[in-house]
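One structure is given below, encoded as structure tokens.
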Amino acid sequence: DLAEQRELSLGLTPAYGLTYIDQRTPSGGGGFAHLAYGITDALGLQLMGGVTAHPLSAFEDDETKLLPGLLLTWQASAGIVYALDIVRIVPFFEAGLGAIGTWTKTDKGIEQTVGASASLGLGADYLITRHWSVGVVVRYHAFLTDLGRIPIYLTAGPRFTVRFGL
Numbered sequence: 001d002l003a004e005q006r007e008l009s010l011g012l013t014p015a016y017g018l019t020y021i022d023q024r025t026p027s028g029g030g031g032f033a034h035l036a037y038g039i040t041d042a043l044g045l046q047l048m049g050g051v052t053a054h055p056l057s058a059f060e061d062d063e064t065k066l067l068p069g070l071l072l073t074w075q076a077s078a079g080i081v082y083a084l085d086i087v088r089i090v091p092f093f094e095a096g097l098g099a100i101g102t103w104t105k106t107d108k109g110i111e112q113t114v115g116a117s118a119s120l121g122l123g124a125d126y127l128i129t130r131h132w133s134v135g136v137v138v139r140y141h142a143f144l145t146d147l148g149r150i151p152i153y154l155t156a157g158p159r160f161t162v163r164f165g166l
């Protein structure tokens, strides 16, 4: 949930991740963390980062041969979060710009990519108390430096957040 004006919120999200980087569309698990500062009761600034690990199976067709291995996809961004505080349930929208990268290990070695990214998220938190909340979030992360291929990365998971005043 969004921190109220002049409050910080710190949260963790165990995440399921799905990438559309190649024909295999690998999925896996990992986590994200966020830190938000409330500018107003509805609008805040947010730093976010996380990583998911995706086992890769072998894939071969007439044009492509892909080796089995492991793919790590990571993302770090800064942006805004907007929340509608509706008593105990707080729906929110987030948008950010940052960096995104992949690290792929196969029998051929290690391959890495890094590029600029944009992320959009949508979720809702349930306020257990004024300081603690649980919720769910779905995020879409796009590689801005490879728009021709449109590789994307989707993550979803529960959120656990604590808020505290400054």
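If you count by our numbering, then the sequence shown holds residues 1 to 166, one letter each, in order. Yeah, the Cβ is synthetic: ideal placement off N, Cα and C, and Gly gets one too. Small disclaimer: the values here were computed from a predicted structure and weren't measured.
Query                                                                                                                                                         : Result
Assuming Ser9 and Thr161 make a contact with CB atoms under 8 Å, what is their CB distance in whole Å?                                                        : 5 Å
Pairs of beta-carbons, one from the stretch 10-22 and one from the stretch 30-41, closer than 8 Å: are there three or more?                                   : yes
If you follow the beta strand (DSSP E) that Glu7 is part of, which residue opens it and which one closes it?                                                  : Glu7 to Thr19
Of all the beta strand (DSSP E) runs that stay within the bounds of the stretch 27-69, which reach a length of 3 or more residues?                            : 27-38 and 43-56
Please name the residue or residues paired with Val175 in a DSSP beta bridge.                                                                                 : The question about residue 175 has no answer here: the residues shown for the chain are numbered 1 through 166.
Which partner residues does His131 have in the DSSP bridge list?                                                                                              : None, per the DSSP bridge assignment.
On the DSSP bridge list, what partners appear for Leu171?                                                                                                     : Absent from the structure is residue 171, since the part of the chain shown begins at 1 and ends at 166.
Between the Cα of Ile152 and those of Gly17, Ile110 and Leu43, spot the shortest distance and give me the residue it belongs to.                              : Gly17
By alpha-carbon positions, which one of Phe93, Thr73 and Thr64 ends up nearest to Ser117?                                                                     : Thr73
Name the two residues that bound the continuous beta strand (DSSP E) containing Leu166.                                                                       : No beta strand (DSSP E) contains Leu166, which DSSP labels as neither H nor E.
Leaving out five residues on either side along the sequence, give the residues of the same chain with a beta carbon under 7 Å from the beta carbon of Phe164. : Glu7, Leu8 and His131
Candidates Gly115, Ile128, Gln23 and Arg159: which alpha carbon is nearest Gly98's?                                                                           : Gly115
Once the 5 residues before and after Thr106 are set aside, which same chain residues still bring their CB inside 6 Å of it?                                   : Leu67 and Gly69
Relative to the C-alpha of Pro170, which residue among Ala42, Leu154 and Gln46 is closest?                                                                    : Outside the shown range of the chain, which is 1 to 166, sits residue 170, and nothing can be said about it.
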